[in-house]
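Numbering (the working numbering), first residue to last: 10 to 355.
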Ligand SMILES: Nc1ncnc2c1ncn2[C@@H]1O[C@H](COP(=O)(O)OP(=O)(O)O)[C@@H](O)[C@H]1O
Ligand SMILES: [Mg+2]
């Protein structure tokens, strides 16, 4: 077997558990066969993916060559330098604008905000998709009352996204046997699944793709910043955690990797007593605005802590879709501010 034959065979090998080939995943570096010794360089994003691929290659070519030299060129280092995010790939050319919704910590309302922003945009007449990239805590299907839908394939072997409230929805939670099946994926597999959701889902033409990012700063965030041109990153925080390192780290990361921060949203900002309509600033006021000022990014608005938001969200009835005007206005104002602060292609 010569170098070219080896390369072709390698490209077609399937990456375990992902349903895509090593060639498609661009994991091959230099391939050379010299006097029946195969030298294979793997471009890997993590040690796990290197070991996975090495194993299937060793199995496949156990008796083909005198020796197999499999080496790795670790792209993780480059990732840590935030190498390609200044000129990212575009795995979603069908989406005119990508909005990434992020947070320093979990539980601050990032998914609730993502869903309501997406629906608000759809209500303005835009074509909108939402990608649940929070692979370890995927709850967009529950929030949109699509959690009982399971993915299907169209005639072109593309995944048909779920749909409700005028938005298209894709989440790993739609692919597991039940919504609450825990995912025990390594980060490299999670990243590959997300890339499949970008490339193999029949999203159609979209004006906006809203991405519910995982909280914090990690592999998934970096990959998305490298694989997609993010037009606007918005950071959701609550007054309790606004001054924590997690929030500043998240802002710093997106600044470092040249992703445009459209601004900060302060969720659960204040409480209006349902009986008296009195406003209570339980955790003080102005935290979101202060952090926005500190990092020179816009402040997009606040959303009150309101029982109706939690109750309706838990039922899969987003406030912007089915709530009353008094709640809708907070999200709609934020969407107007995001549009104002971003150079969207519309
Ligand atoms: N403004 C709000 N008022 C009351 N409850 C909220 C509000 N925003 C979110 N929640 C509730 O807080 C919990 C966490 O929200 P979620 O969107 O799942 O957070 P994250 O995605 O950041 O983990 C959910 O139960 C949600 O219904
Ligand atoms: Mg969430």
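Glycine included, C-beta positions come from ideal geometry on N, C-alpha and C.
Nonlocal neighbours in the same chain, by C-beta distance under 8 Å from residue i, ignoring five residues either side
| i | result |
| --- | --- |
| residue 103 | 212, 213, 214, 215 |
| residue 94 | 231, 234, 235, 266, 267, 268 |
| residue 152 | 120, 121, 124, 322, 325, 327 |
Rounded separation between residue i and residue j - CA only
| i | j | result |
| --- | --- | --- |
| residue 237 | residue 336 | 32 Å |
| residue 86 | residue 321 | Note that residue 86 scores a pLDDT of 41, beneath 50, so its modelled location is shaky and nothing firm can be said. |
| residue 256 | residue 165 | 42 Å |
| residue 6 | residue 195 | Given a span of 10 to 355 for the chain in the structure shown, any question on residue 6 remains unanswerable. |
| residue 349 | residue 197 | 36 Å |
| residue 250 | residue 293 | 12 Å |
| residue 18 | residue 43 | 17 Å |
| residue 222 | residue 147 | 10 Å |
| residue 92 | residue 262 | Per-residue confidence for residue 92 stands at a pLDDT of 42, beneath the threshold of 50, marking its modelled position as unreliable; no derived number is given. |
| residue 88 | residue 36 | No answer about residue 88 holds up, because its pLDDT of 40 lies below 50 and its placement is not dependable. |
| residue 258 | residue 243 | 14 Å |
| residue 72 | residue 58 | 23 Å |
| residue 68 | residue 13 | 19 Å |
| residue 286 | residue 101 | 45 Å |
| residue 339 | residue 312 | 6 Å |
Residue i in three-state terms, based on DSSP
| i | result |
| --- | --- |
| residue 266 | coil |
| residue 242 | strand |
| residue 219 | strand |
| residue 313 | strand |
| residue 8 | Residue 8 is absent from the model: the chain starts at 10 and stops at 355. |
| residue 299 | helix |
| residue 329 | helix |
| residue 251 | coil |
| residue 280 | strand |
| residue 288 | strand |
| residue 260 | helix |
| residue 275 | strand |
Sequence-distant residues of the same chain with beta carbon closer than 6 Å to residue i, five excluded per side
| i | result |
| --- | --- |
| residue 90 | Confidence is the limiting factor: at residue 90 the pLDDT is only 39, short of 50, which leaves the residue's position unreliable and the question unanswerable from this model. |
| residue 224 | 112, 114, 115 |
| residue 351 | 240, 241, 271 |
| residue 160 | 168, 183, 184 |
| residue 80 | 50 |
| residue 296 | 248, 251 |
Span of the beta strand (DSSP E) around residue i
| i | result |
| --- | --- |
| residue 52 | 46–53 |
| residue 37 | 37–43 |
Continuous alpha helix (DSSP H) stretch holding residue i: start and end
| i | result |
| --- | --- |
| residue 342 | 334–350 |
| residue 233 | 228–236 |
| residue 23 | Neither: residue 23 is in no alpha helix (DSSP H) and is coded neither H nor E. |
Proximal residues to residue i (C-beta, below 7 Å), its chain only, five neighbours per side dropped
| i | result |
| --- | --- |
| residue 15 | 40, 42, 47 |
| residue 106 | 216, 217, 240, 353, 354 |
- Query: What are the complete alpha helix (DSSP H) segments, minimum 4 residues, inside the stretch 57–120?
  - Reply: 85–89
- Message: Please give me, in chain order, every unbroken run of the beta strand (DSSP E) with length at least 3 that falls completely inside the stretch 112–178.
- Response: 137–141, 171–173
- Write down every uninterrupted run of the alpha helix (DSSP H) in the stretch 174–209 whose length is 4 residues or greater and which is fully enclosed by it, in chain order. 196–208
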